[in-house]
Each structure stands twice: as C-alpha cells, then as structure tokens.
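What follows is a single structure, written as structure tokens, with notes after it.
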Amino acid sequence: MSSEKIDIIIPNYNKQPYITECLNSLISQSYTNWRCIVIDSFSHDGSWEIIQDFSERDKRFELY
C-alpha cells in the first residue's frame with residue numbers, strides 16, 4: 001500500500017492561545033507521512049516562537 005505524503009497548510013496571525021493545540025493534534029495523528037507548512041503574518045503575540053520551536057523539534061513543520 002502506498003503512503004502518499006500530505007501537505008497541511010495553516011495560516012497564522014496572533015493565534016497564540018490555539019496554535020500549540022493545533023500543532024500537537026497533528027503530531028498525535030496515526031498517519032505520519034505529512035508536512036505542515038505554517039504561514040505566519042508577522043504575529044506579535046508569541047505564536048511565531050511557538051511554531052519555530054515545533055519546527056526545530058520536528059522537521060515536518062515548516063515556518064514561513
């Protein structure tokens with residue numbers, strides 16, 4: 001059975017209260033062949049740093 005890679009794109013702007021739960025939900029999925037691209041639009045609430053931490057710990061996360 002083929003395991004196709006899935007791209008997940010998440011836009012973010014000042015969603016610090018929700019972004020950790022969102023990204024953790026991806027990590028806990030049983031399907032692991034995915035890439036998550038988070039597009040941040042100059043957040044100033046600390047969400048950039050949270051996403052950056054995820055991308056440093058798990059290379060499936062990409063931050064732009």
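Numbering (the numbering used here), first residue to last: 1 to 64. Just so you know, even glycine gets a beta-carbon here, dropped at the ideal spot from N, CA and C. Owing to the predicted nature of the structure, the values given are computational and were not obtained by experimental measurement.
* Cα-Cα, which of 22, 31, 37, 21 is closest to residue 61? -> Locating residue 61 in the sequence shown gives position 61, where the first residue counts as 1. Comparing Cα positions, the closest option is 37.
* Could you check which residue in 8, 7, 6, 63 has the C-alpha nearest to that of residue 41? => Position 41 of the sequence shown holds residue 41. Just measuring C-alpha positions, the residue of 8, 7, 6, 63 sitting nearest residue 41 is 63.
* By the 10 Å Cβ neighbour count, where 16 or more other Cβ atoms means buried, how is residue 12 classified, buried or exposed? -> The sequence position of residue 12 within the sequence shown is 12, counting from 1. That one is buried.
* When DSSP labels each residue in this structure, what does residue 42 get in the three-state scheme? -> Sequence index remark: in the sequence shown, residue 42 carries index 42 (1-based). Coil.
* **Length of the line joining the Cα atoms of residue 47 and residue 19** => What you label residue 47 is simply residue 47 of the sequence shown in a count that begins at 1. What you label residue 19 is simply residue 19 of the sequence shown in a count that begins at 1. Going by the C-alpha atoms only, they are around 7 Å apart.
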